[in-house]
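Following: one structure in structure tokens, then a few remarks.
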Amino acid sequence: MGDINMRQESGRSMIEMLGVLTIMGVLTVGAVGMISTAMRTQKRNAVNDEVIQMTTQVRTLLGEYDDFSHINNSTIFGAIGMTNKNPYGGTYELSVDPSNSRQFIVSITGLNQSDCEYFVAKAWSDSVGRINSNNKEGGATGDCRNATNNTVQITYGE
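Those letters in the sequence shown? Residues 76 to 233, per this note's numbering, in order.
Structure follows, in structure tokens:
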């Protein structure tokens, strides 16, 4: 009789352990989701800060001439003291607007679809075309149809 009771207690312990493991699994899934969201937010904030720093430095370096035709993507990052690598594993690119030498374009490459859409919809202060024709803030363009490698372009200047 003592052996039967022992087996029943052992069975309950196994069920209790399965319950604990299930609860831990649910908590882990929730934590992974929160960590993923925090990492995405951190990358987006880093890109925002770096674009602001880039545009400020380019304007300081070349703005007095009101002519950005001398921007050379291979040397400008050294001149402004920044790297061209972005948090998404892609690069930043700086170039003169081919239709207006008084404007320059900041390109952000290597974006996934979700982040590309976020940056296209974001209100980029001081960018050309910040208020779109439908009165929504924007200022960036991009084709966000690729799942893993998209580019956003933001135009600055007059």
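Just so you know, even glycine gets a beta-carbon here, dropped at the ideal spot from N, CA and C. Note that the structure is a prediction, hence the values are computed from the model and not measured.
- In this structure, 176 is the residue among 125, 100 and 176 with its C-alpha nearest to the C-alpha of residue 141.
- Assignment of beta strand (DSSP E) within the segment 146 to 177, counting only whole runs of 3 or more residues, yields 167 to 172 in chain order.
- By the neighbour-count definition (other C-beta atoms within 10 Å, threshold 16), residue 230 is a buried residue.
- Secondary structure at residue 195: helix, using DSSP grouped into helix, strand and coil.
- Using a 10 angstroms sphere on the CB of residue 125, the tally of other CB atoms reaches 16 or more, which defines it as buried.
- Distance from residue 178 to residue 152 at the Cβ level is roughly 19 Å; contact not present, criterion being Cβ atoms closer than 8 Å.
- Closest in alpha carbon position to residue 203, among 195, 226 and 214, is 214.
- Residue 215: member of the beta strand (DSSP E) spanning 215 to 218, first to last residue.
- Closest option to residue 115, judged by alpha-carbon separation, among 150, 163 and 133: 163.
- For residue 203, no beta strand (DSSP E) segment is defined, and its DSSP state is neither H nor E.
- Distance from the CA atom of residue 138 to the CA atom of residue 160, rounded to whole angstroms, is 24 Å.
- Rounded to the nearest whole angstrom, the CA to CA distance from residue 108 to residue 227 is 26 Å.
- Distance from the CA of residue 222 to the CA of residue 194, rounded to the nearest whole angstrom, comes to 15 Å.
- In the displayed model, residue 223 falls within coil according to three-state DSSP, outside both helix and strand.
- With at least 16 other beta carbons inside 10 angstroms of its own, residue 190 counts as buried.
- DSSP places residue 88 within a helical segment (H, G or I) once states are collapsed to three.
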